[in-house]
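First residue of the sequence shown: 1418, per my numbering; consecutive thereafter.
Even glycine gets a Cβ: it sits at the ideal position worked out from N, Cα and C.
Because the structure is a prediction, the values reported are computed rather than measured.
One structure is given below, encoded as structure tokens.
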Amino acid sequence: MNNSIIKKIASSAMLGLAIALITVIVVPSFHNKIAAKAGNQTHGADESNSIVSGYTGYSHAVSRAAPSVVNIYTRKVGLGRIDHPLSKHPLFGRLVTQVKVPQTSLGSGVIMRADGIILTNHHVIANAEKILTMLYDGRTAPVTLVGSDPDTDLAVLKINLDNLQPISIGTSESAAVGDIVLAIGNPHGIGQTVTQGIISATGRAGLGLNTFENFLQTDAGINIGNSGGALVDLHGNLLGINTASIGNSGSISFAIPSSTVMHVLNEILKHGFVIRGWLGLDAIPVTARLARQLKIPLRHGLLIRAIAANGPSDNLNLFPGDIVTEINGVSVLDPQTSMTQISKVQPGNPITLSVWRRGAAFEVVAIAGTRPSISAIN
């Protein structure tokens, strides 16, 4: 897939956002595009079975989830260009045309706890100097960054306000293709908006968006500003955090599943970052084509290309060209699954690798290290 067509849906929107920020201050009620009737629904037991009884509206789900979704506005300083008489001079042109200018961007977030913990995408708040949030009821508050995980594109924020409504957490593992879902966010800064669609695929990976990918794919309309918003089921339970879309229609979109969201949230609140196991191996998958080229009998595995110096695997008598066929007894079928499996091992615990080398099979036991974060690598 051409990664150039995949866009992060919380991209900068300078002029439009400036207008949106003025709207936040001057007309805070502008954010609420949901009918008041939806906000006045009660949550009786009969309503929880409304789909079964033949009721096909979505107001019950919206009234439960919408108050937990917030708008997020950020400001940072970037480089801009100006016209200047010396701009075409070969010596001075580059210096005089680059100046620091304020840049603004927008996104969405989800209230996870009543004490003000909010979750959004990392790319929504990355490098931001100032973050502001606006709630469903029109209140605004400055935001503190608690921690961020670029590997999954998630970030945890904190606001100091009372009477917050945390979202109800659903089970993303039970989401099935064809299930109806609702996407709630702040597209283009026009105010909170709800779109409807279905789960188009589960376990979507290999998009090159994040280090760890296990997306829910949906055709619910998602656009610029929806990043960090909620993907909910028909009972208003959180199934995922909206993250990215393909093309300009917003009808092929992706959400980080709630299982990943809760793991990252708990890790950041506990440690300030996400602790993951790591072996320090750079490897590529063994495909049928690669197996033919190398004239080997294997049809799956990971071909080691490099081993991190002083890493967990540096003293295991492994070499480039070795092929890992199993990890802790589980066959290696694709690199994403194997990397996720290793990441779930706590540093300091053993990992058994089954290895193939020139027709001979053997096992080695590595001690998992701590995976460096993207920010540490960069």
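Assign Phe-1632 to one of two classes, buried (16 or more other C-beta atoms within 10 Å of its C-beta) or exposed (fewer than that).
Taking all protein chains shown into account, Phe-1632 has 16 or more neighbouring C-beta atoms within 10 Å of its C-beta and is therefore buried.
Using only CA atoms, which one of Asn-1734, Leu-1536, Arg-1530 lies nearest to Gly-1524?
The option with the nearest alpha carbon to Gly-1524 is Leu-1536.
Can you say whether Lys-1454 is buried or exposed, counting buried as having 16 or more other CB atoms within 10 angstroms of its CB?
Note on Lys-1454: pLDDT 31, under 50, position unreliable in the model; no value is reported.
Are there three or more Cβ pairs, one per stretch, closer than 8 angstroms when the region 1690-1707 is compared with the region 1754-1765?
Contact holds: three or more Cβ-Cβ distances are below 8 angstroms.
Expected contact under 8 angstroms - CB spacing of Thr-1742 and Leu-1715 to nearest Å:
Between Leu-1715 and Thr-1742 the Cβ distance is about 7 angstroms, and since that is below 8 angstroms, they are a contact.
Does the separation of the CB atoms of Ala-1478 and His-1652 fall below 8 angstroms?
Yes, the pair counts as a contact, with Cβ atoms nearer than the cut-off.
What does DSSP give as the partner residue(s) for Val-1781 in the beta ladder?
For Val-1781, which the question treats as bridged, DSSP gives the partners Leu-1770.
Just to check my reading of the structure: Pro-1604 and Gly-1645 have Cβ atoms closer than 8 angstroms, yes? What is that Cβ distance to the nearest angstrom?
Incorrect: roughly 12 angstroms between the Cβ atoms, too far for contact.
Cβ-Cβ separation, Gly-1657 to Ser-1589 (assumed contact under 8 angstroms), whole Å:
With a Cβ gap of about 6 angstroms, Ser-1589 and Gly-1657 count as contacting.
Helix, strand or coil at Glu-1684 [DSSP, three-state]
DSSP places Glu-1684 in helix when its eight states are reduced to three.
For Leu-1562, the nearest candidate out of Tyr-1553, Leu-1552, Gln-1582, Val-1541 (CA to CA)
By alpha-carbon distance to Leu-1562, the top candidate from Tyr-1553, Leu-1552, Gln-1582, Val-1541 is Val-1541.
Please report the straight-line C-alpha distance between Thr-1619 and Ile-1744, rounded to a whole angstrom.
The alpha-carbon atoms of Thr-1619 and Ile-1744 are separated by roughly 24 angstroms.
Quick check on Gln-1763: buried or exposed, where buried means 16 or more other Cβ atoms within 10 Å of its Cβ?
In summary, Gln-1763 is exposed, with fewer than 16 beta-carbon neighbours lying within 10 Å of its beta-carbon over all protein chains present.
Please report the Cβ distance between Val-1560 and Thr-1569, rounded to the nearest whole angstrom; I am assuming they are in contact, meaning their Cβ atoms lie under 8 angstroms.
In this structure Val-1560 does not touch Thr-1569 by the C-beta definition: roughly 19 angstroms separates them, more than the 8 angstroms allowed.
What residue from Ala-1637, Pro-1583, Thr-1610, Ala-1672 has the CA that sits closest to Ala-1622's CA?
Looking from the CA of Ala-1622, the closest CA among Ala-1637, Pro-1583, Thr-1610, Ala-1672 belongs to Ala-1672.
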